[in-house]
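Numbering of the sequence shown is given in the UniProt record's numbering, commencing with residue 5 and proceeding in unit increments.
A virtual CB, placed ideally from N, CA and C, is assigned to each residue, including glycine.
I have placed the structure first, in the form of structure tokens, so that the comments after it can refer back to it.
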Amino acid sequence: AILLAIESSCDETSAAVIIDGNVKSNIVSTQEVHQKYGGVVPELASRAHQKNIVPVVDQALQEAGIEKSALDAVAFTKGPGLLGALLVGGSFAKSMAQALNIPLIGVNHMQAHILAHFIEDPKPSFPFLCLTVSGGHTQLVIVHSPLEMEVIGETLDDAVGEAFDKTAKIMGLPYPGGPLIDRYAKEGNPKAYDFPEVSTPGLNFSFSGIKTAFLNFMRKEVQKDPDFLEKNMPDICASIQQTLIEILIKKLKKAAKQHNIRSIAIAGGVSANSGLRERLQAEGEKRGWDVFIPKFEYCTDNAAMIAITAHYQYLAKDFEPLTSSANPRLKFEGTIS
Ligand code: ATP
Ligand code: MG
Ligand code: FE
């Protein structure tokens, strides 16, 4: 089957074409208007999606060498995400499905982050444990099959991506700050500063305390020395990054042990973090895990991951009525929380 997939849940407008499970094109347009605001401004995101969606879809079809008339279904991100942003992709996909008289497929964005592992080899075998770390989520998920997933732990407050972005904002870095912290951290000493770890029950996470502790730390140090930040950027970034990574790895080890799973994956925007990738690789070697780390282009938001999820839903005839609407808080089926 030939499918077109559209992603518009946050600040990436993206379209991809997939043929029988093989991604043929994946066009991603990242909105730059949010940089100076220190976070995504929902109203500006919707407007940028509206401006970008037609050229992005055209380019995806063109690169794949596919005419609209050849499509067997159109997929879109149904949620979770920003309502106004989701509506742009959703409405576009609906109109297209109706005009072409083909089925519509509604995709869960978090499920898609995980299934990004099935775009290319090596693909994990089932069941596997996935740590999904992104701008809005931090989840531990047992993946039984492409369409059966179970959330066994998640954040009680901020997502780890948010912790990266908010600490970066405190340091005056533009949005998204995660990749910048990653870059500075490479030159720094991760043991230079100590940030307290907040302990959370079971397999859940908490990151809002770290953000507050970081803010207080920065205020105190800058009071002593106004040039503290300029002088110590790499050490500060390496230390905060290390703290966040250790919290993730600790719960990941706990979950793997509790559920007796040795096939471990990471997904979502923060899985692009080089410190996390290296740390997981090392931990995996030590423990004899099979570790799966996504290619960089499939970590942050992209339509290829929506397309591969839609491929499995198409095979299962899991279609969406044309009356369907976006759901900003869409959950997995079978979610425990
Ligand atoms: P969600 O998927 O939860 O709806 P989202 O789609 O906004 O949220 P993603 O696009 O998956 O999130 O990821 C974006 C996040 O990833 C941002 O918080 C960004 O800072 C973070 N990120 C991207 N690259 C890196 C990196 N190298 N190091 C740390 N964080 C990173
Ligand atoms: Mg984004
Ligand atoms: Fe995402």
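What residue from the options has the CA that sits closest to residue i's CA?
i, options, result
"residue 70", "27, 186, 317", "27"
"residue 310", "95, 115, 53", "115"
"residue 322", "109, 332, 192", "109"
"residue 64", "265, 131, 11", "11"
"residue 146", "314, 292, 326, 261", "261"
"residue 125", "318, 295, 320, 325", "295"
"residue 81", "72, 75, 74, 95", "95"
"residue 165", "184, 29, 9, 152", "184"
In the structure shown, what three-state DSSP assignment does residue i receive?
i, result
"residue 86", "coil"
"residue 42", "coil"
"residue 339", "Note that residue 339 scores 49 on pLDDT, short of 50, meaning its location in the model is unreliable and no value can be drawn from it."
"residue 18", "strand"
"residue 105", "coil"
"residue 241", "helix"
"residue 67", "helix"
"residue 29", "strand"
"residue 155", "strand"
"residue 111", "strand"
"residue 23", "strand"
"residue 34", "strand"
"residue 297", "coil"
"residue 201", "coil"
For the alpha helix (DSSP H) containing residue i, name the first residue and the last one.
i, result
"residue 7", "Where residue 7 is concerned, there is no enclosing alpha helix (DSSP H), although the beta strand (DSSP E) it sits in stretches over 6-11."
"residue 169", "164-174"
"residue 214", "212-228"
Taking DSSP's pairing of strands, which residues face residue i in a bridge?
i, result
"residue 264", "According to DSSP, which records beta bridges pairwise, residue 264 is partnered with nothing at all."
"residue 292", "Paired residues: none, contrary to the question."
Ignore the nearest five residues each way along the sequence and tell me which others in residue i's own chain have a CB closer than 7 Å to its CB.
i, result
"residue 303", "272, 273, 275, 276"
"residue 283", "249, 253"
"residue 207", "144, 156, 157, 255, 258, 259"
"residue 92", "12, 50, 53, 54, 57"
Kindly indicate the opening and closing residues of the beta strand (DSSP E) around residue i.
i, result
"residue 121", "That residue, residue 121, is in no beta strand (DSSP E); it is neither H nor E in DSSP."
"residue 305", "Where residue 305 is concerned, there is no enclosing beta strand (DSSP E), given that its DSSP letter is neither H nor E."
"residue 146", "142-149"
"residue 184", "Taken as a continuous stretch (DSSP letters only), residue 184 belongs to no beta strand (DSSP E), being part of the alpha helix (DSSP H) at 182-189."
"residue 137", "132-137"
Once the 5 residues before and after residue i are set aside, which same chain residues still bring their CB inside 6 Å of it?
i, result
"residue 32", "16, 18, 306"
"residue 43", "179"
If I measure Cβ to Cβ from residue i and keep anything under 8 Å in the same chain, skipping five residues before and after, which residues do I get?
i, result
"residue 340", "Bear in mind that the predicted position of residue 340 carries a pLDDT of just 42, short of 50, making it too unreliable to give a figure here."
"residue 217", "199, 200"
"residue 332", "83, 84, 85, 86, 87, 90"
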